[in-house]
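Structure, as structure tokens:
Number of protein chains: 2
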Amino acid sequence: MNEIVSIQFDKNAKPLYKSIARGIKKKIEDQTIKGGSRLPAVRHLAKNLGVNISTVVAAYKSLEEDGLVYTKPGSGTYCMPSPAQTAQSDEEASELFLREEFESGRLIVSGDMINLAGNSPSAGVFPVSDFKKAVNEVLDTDGGYAFSYQESEGYRPLREILSEFSKSHYGIDCSADEILVTSGAQQALDVISKALIKHGDTVMAELPSYTGIRSVFTIHGAKMLGIPVEHDGIDLNITEYYAKNCRPKFLYIMPVYQTPTGVCLSAEKRRRLIELAEKYDFYIVEDDLFSDLNLVGERLFPLKKEDTCGRVIYVKSFSKLMMPGIRTGFIITPKKLFENMAKAKYATDLSGSGFIQRALAVYFKNGFWNKNIEGLVGYYRKRLEITLRAVNSFKRYGIGHAEVKGGFGVWLNLPSNVTDMDIYYKCKQRKVIVAPGSSFYLTPAAGYQHHLRLSFASSERLTDGLKIVGECIKSAVNETSTHTIFI
Amino acid sequence: MNEIVSIQFDKNAKPLYKSIARGIKKKIEDQTIKGGSRLPAVRHLAKNLGVNISTVVAAYKSLEEDGLVYTKPGSGTYCMPSPAQTAQSDEEASELFLREEFESGRLIVSGDMINLAGNSPSAGVFPVSDFKKAVNEVLDTDGGYAFSYQESEGYRPLREILSEFSKSHYGIDCSADEILVTSGAQQALDVISKALIKHGDTVMAELPSYTGIRSVFTIHGAKMLGIPVEHDGIDLNITEYYAKNCRPKFLYIMPVYQTPTGVCLSAEKRRRLIELAEKYDFYIVEDDLFSDLNLVGERLFPLKKEDTCGRVIYVKSFSKLMMPGIRTGFIITPKKLFENMAKAKYATDLSGSGFIQRALAVYFKNGFWNKNIEGLVGYYRKRLEITLRAVNSFKRYGIGHAEVKGGFGVWLNLPSNVTDMDIYYKCKQRKVIVAPGSSFYLTPAAGYQHHLRLSFASSERLTDGLKIVGECIKSAVNETSTHTIFI
Chain A
433 MNEIVSIQFD KNAKPLYKSI ARGIKKKIED QTIKGGSRLP AVRHLAKNLG VNISTVVAAY
493 KSLEEDGLVY TKPGSGTYCM PSPAQTAQSD EEASELFLRE EFESGRLIVS GDMINLAGNS
553 PSAGVFPVSD FKKAVNEVLD TDGGYAFSYQ ESEGYRPLRE ILSEFSKSHY GIDCSADEIL
613 VTSGAQQALD VISKALIKHG DTVMAELPSY TGIRSVFTIH GAKMLGIPVE HDGIDLNITE
673 YYAKNCRPKF LYIMPVYQTP TGVCLSAEKR RRLIELAEKY DFYIVEDDLF SDLNLVGERL
733 FPLKKEDTCG RVIYVKSFSK LMMPGIRTGF IITPKKLFEN MAKAKYATDL SGSGFIQRAL
793 AVYFKNGFWN KNIEGLVGYY RKRLEITLRA VNSFKRYGIG HAEVKGGFGV WLNLPSNVTD
853 MDIYYKCKQR KVIVAPGSSF YLTPAAGYQH HLRLSFASSE RLTDGLKIVG ECIKSAVNET
913 STHTIFI
Chain B
433 MNEIVSIQFD KNAKPLYKSI ARGIKKKIED QTIKGGSRLP AVRHLAKNLG VNISTVVAAY
493 KSLEEDGLVY TKPGSGTYCM PSPAQTAQSD EEASELFLRE EFESGRLIVS GDMINLAGNS
553 PSAGVFPVSD FKKAVNEVLD TDGGYAFSYQ ESEGYRPLRE ILSEFSKSHY GIDCSADEIL
613 VTSGAQQALD VISKALIKHG DTVMAELPSY TGIRSVFTIH GAKMLGIPVE HDGIDLNITE
673 YYAKNCRPKF LYIMPVYQTP TGVCLSAEKR RRLIELAEKY DFYIVEDDLF SDLNLVGERL
733 FPLKKEDTCG RVIYVKSFSK LMMPGIRTGF IITPKKLFEN MAKAKYATDL SGSGFIQRAL
793 AVYFKNGFWN KNIEGLVGYY RKRLEITLRA VNSFKRYGIG HAEVKGGFGV WLNLPSNVTD
853 MDIYYKCKQR KVIVAPGSSF YLTPAAGYQH HLRLSFASSE RLTDGLKIVG ECIKSAVNET
913 STHTIFI
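If you're matching them up, the sequences are chains A and B in order.
All residue numbers in the first sequence are consecutive under this note's numbering, ending with 919.
All residue numbers in the second sequence are consecutive under this note's numbering, ending with 919.
So this is what it looks like as structure tokens:
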């Protein structure tokens, strides 16, 4: 933060605070002060510039009014990442990690490598034989009709089953007329973008988040604003700040077992977020990857359950909980958006596979879903235990982790002298792939290179992999200490 | 064309032709002269305005230089539909027919109605039992792996099979690395739009054409230019005019058995179109619905076969030729576009269904495709004969039709005193649905309301339906004659 001390300002200007604010603004614009970074404490800056504390307070306040900085109560004043900056840094981040080395579905992990990076479920636990029964029932009963063009919104009986299912499993009260069947969550996000985003619009997303949203939102011409995730969910002060100043169309959020952090949005924040959406007229796109996969403690329900004012667009995929290859998920949309969503879905692919949708309807009717989820919870609970045992042993190297209550991954906090890429490359040399925390960021933020996500989703050699990660962490930490001492 | 005679111009202006051009321009801008309509003959206008012929020639030339009109050699001067006009008329047309009454996949045709409008194949001829064999082979052999996430570009062995298949069946020489598997042709068009269209770009399409393109291109912010289809394919003079003046990104075209007219692009026009694409730097998006379904005369090959300079993006769907419910098709893209297409596909839905793609690979490997096509050709050839027999009997009412050599439909030309909607409503009252020609137009054009498309794709009561259409045509023609004589 030394740069800010060297700002240009006119000591005799009146009012003085405006001159200081202009000096800081210049540093923000030329990116000497980076988006997301903390400005110096008021007292500290005042002393360095040789001005009164109240003058710096006034300068910060004026910058805040211009939307250049924001205040985090009890923490300080931070530089706002501008939408333009976000887009640019997005490109940079892509260049740096995603295109080059690591991107979900793109990174080729060969058979002799241990994959602790991916978020794909284990093929070994897929309910193939139950699904085969359903498939053959459809082929025998419906014949050619299973393969006709079908309603763009989805096979009607499946939509009715999903409406009952959403009520009984997620506490969401909705009719079949609010449900749109899609080809997984990614298509759901594409359809939502088509229906809601106009070129040049702004949308908000958690920071860090699932990186696949980057491509889909930006391809529709949206600027993305990232909102930091705290231990109890996204920072709602920043959300409000953006909502008020940038008028975003929607917020993309995973309120339960967030990817990649595993964080859950607290009860209080849930209430306040819906209030904000109502007050500033934006939608909440809730991606519910894992609420079914509660591994520790009490089960949490989707945010949509609490949506009394039609603000939440609920997205559910069966990829993680059943199997990705069926490419099916669904949207529960507020009624007033349904028509536009249906048109967008039609433009996207006319309709999904009626064959698969009919087979899923049979699968649900036969009660196979519950049976499958019970099996998965037991399976992943064991794998979480194995992972936590290893991760807790990393504590001796200064490694902490976020609380995990469900999902597929553990979010590690690295000490400030070790970066995620240090460990990523070390692990890769030992044929283990981990997910560098920085690959989940859409915008630069202080400390973004000090996380790792370890996935226990699918590797058959989980224990071996975790052991190697431990060794790599140890080696990285030791090397850094050596540097610190001798150089 | 009387409106143009009443143009405002200053008889003493110098140069006089500019004053006349301004007067005509005003009429074009306020849409008194409609896009697509023919301007009066030079001689005729000169006489009416009391000016020299050369003055009118100069006025038309000046309008042509401004991109407001175009000359069709041997036919006259026509008003250009502007992109803005196109978009607006598009909306109007949607309102008028598509949203209200008729749109592929949206029009509900109840069980007691005879559907001669749709382009969906008969469920009765779907190769369900062969596909079932393939499905079960995959489930038994691959188990859970059939349902994992798969490469976004498509299941590699299927892409290799499709590359060989494209060579042996369509004469297209391409490698698996140029093939991208999609969820049908509609998703292919969505992916192509994402990869190529920037907000505000222009694209070209045939007029009339498949109306599903309207939503996908406009959702990506493209302006659409319609190019009239002649008996030997689109008008290449207008194509060149647009290519030169509007710099479109691509032309969407069905060179073989065009929907809805059935027209085939002549050998000479194929050559010239590729030259134009090269000269003016646009791509040709070839939608090959039916080249496999050659019912009369010699088989025609896709335009892509002749593409030596990487200008043609080939789109193939299995919906019409196998069954829509498998939601699978593919793109063959020029190599330099592959990376962008793959990214766009990834943003759209991560990947298609690996399960279905594996089953298709088995289906092709077992030779089921050829067996199926042979069956289809025999089946549809008979239905075409039935349809032509009926249609030829409509001649007595002044009804002609375009030549049909393949595909699912016959394009009727109605006499100028009967509109498509007259007959559409009459047929609907008798519980037969036909496709009004105007529903296939993206822009207004002279005579666009004097066509009908009769589809012989799927109705089980084809003969009954055609008989009723004949009766409705007879009744419509007679009513109009009565009007003409007595009112």
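Ideal placement from N, C-alpha and C gives every residue a C-beta, glycine not left out.
Note that the structure is predicted; figures quoted are calculated from it, not measured.
For chain E, is any of its Cβ atoms less than 9 Å away from the one on residue i?
| i | result |
| --- | --- |
| LYS626/A | This model lacks chain E altogether, as its protein chains are A and B. |
For residue i versus residue j, is the C-beta distance shorter than 9 Å?
| i | j | result |
| --- | --- | --- |
| GLU583/B | ILE611/B | no |
| VAL794/A | ALA566/A | yes |
| ALA867/B | GLY838/B | no |
| MET512/A | VAL864/A | no |
| GLY757/B | TYR778/A | no |
| GLY616/A | PHE750/A | yes |
| VAL909/A | GLY832/A | no |
| GLU730/B | MET686/B | no |
| VAL648/B | THR780/B | no |
| ILE706/A | CYS678/A | no |
| ILE593/B | PHE733/B | no |
I'd like the list of long-range same chain contacts for residue i, defined as Cβ closer than 7 Å, with 5 residues on each side in sequence excluded.
| i | result |
| --- | --- |
| VAL744/A | ILE716, GLU718, LEU735 and LYS736 |
| ASP968/B | Look at the range of chain B in this structure, 433 to 919, and you will see that residue 968/B is not part of it. |
| SER825/B | GLY902 |
| LEU816/B | LEU727, VAL836 and PHE888 |
| GLY764/B | Reading off the sequence shown, one finds Ile at residue 764/B, where the question assumed Gly. So the list reads SER598, ILE604, CYS606, GLU610, ILE611, LYS736 and TYR746, once near-sequence residues are dropped. |
| HIS883/A | TRP843, LEU844, ASN845, LEU846, ASP852 and GLY869 |
| PHE714/A | ALA675, PRO680, LYS681, PHE682 and LEU683 |
| VAL489/A | VAL474 |
| THR693/B | PRO640, VAL661, ALA834 and TRP843 |
| ILE645/A | LEU621, ALA637 and TYR684 |
According to DSSP, is residue i part of a helix, a strand, or is it coil?
| i | result |
| --- | --- |
| GLY658/B | strand |
| ILE921/A | The question about residue 921/A has no answer here: the residues shown for chain A are numbered 433 through 919. |
| TYR812/B | helix |
| LEU727/B | coil |
| ILE764/B | strand |
| LEU909/A | Going by the sequence as given, residue 909/A is Val instead of Leu. In the structure shown, VAL909/A sits in a helix (DSSP, three-state: H, G or I). |
| ILE666/A | strand |
| TYR880/B | coil |
| LEU735/B | helix |
| SER600/A | helix |
| SER554/A | coil |
| GLY902/B | helix |
| SER561/B | helix |
| TYR577/B | helix |
| ASP609/B | helix |
Could you name the residues of the same chain whose beta carbon sits closer than 6 Å to that of residue i, not counting the 5 residues immediately before and after it, in chain order?
| i | result |
| --- | --- |
| ASN804/B | PRO559 |
| TYR673/B | TYR502 |
| ALA445/A | SER451 |
| ASP724/B | LEU753 and ILE805 |
| GLN881/B | THR851, ASP852 and SER870 |
| GLU533/B | In this prediction, GLU533/B has a pLDDT of 45, which is less than 50 and means its spatial position is unreliable; nothing more can be read from the coordinates. |
According to DSSP, residue i sits in a beta bridge with which residue or residues?
| i | result |
| --- | --- |
| LEU683/A | MET636/A and ILE716/A |
| ARG885/A | TRP843/A and ALA867/A |
| CYS511/A | VAL501/A |
| VAL744/B | ILE716/B |
| SER749/B | GLY761/B |
Would you say the beta carbon of residue i is closer than 8 Å to some non-hydrogen atom of the ligand GDP?
| i | result |
| --- | --- |
| CYS904/A | This structure does not include the ligand GDP; it has no bound ligands of any sort. |
Can you name, in chain order, every residue of its own chain whose Cβ lies under 8 Å from the Cβ of residue i, other than the five neighbours on each side?
| i | result |
| --- | --- |
| GLY653/A | ILE629, LYS630, HIS631, GLY632 and ASP633 |
Which runs of the beta strand (DSSP E) at least 3 residues long sit entirely within the region 767-794 of chain B? Give them in chain order. Runs of the beta strand (DSSP E) inside the region 767-794 of chain B: none found.
Enumerate, from N- to C-terminal direction, the unbroken beta strand (DSSP E) stretches of 3 or more residues contained entirely within the region 805-878 of chain A. 841-845 and 864-868
What are the start and end residues of each continuous alpha helix (DSSP H) run of 4 or more residues lying completely inside the region 612-636 of chain B, in chain order? Runs found: 616-628.
Which residue spans inside the region 436-508 of chain B form an unbroken beta strand (DSSP E) run of at least 3? 501-504
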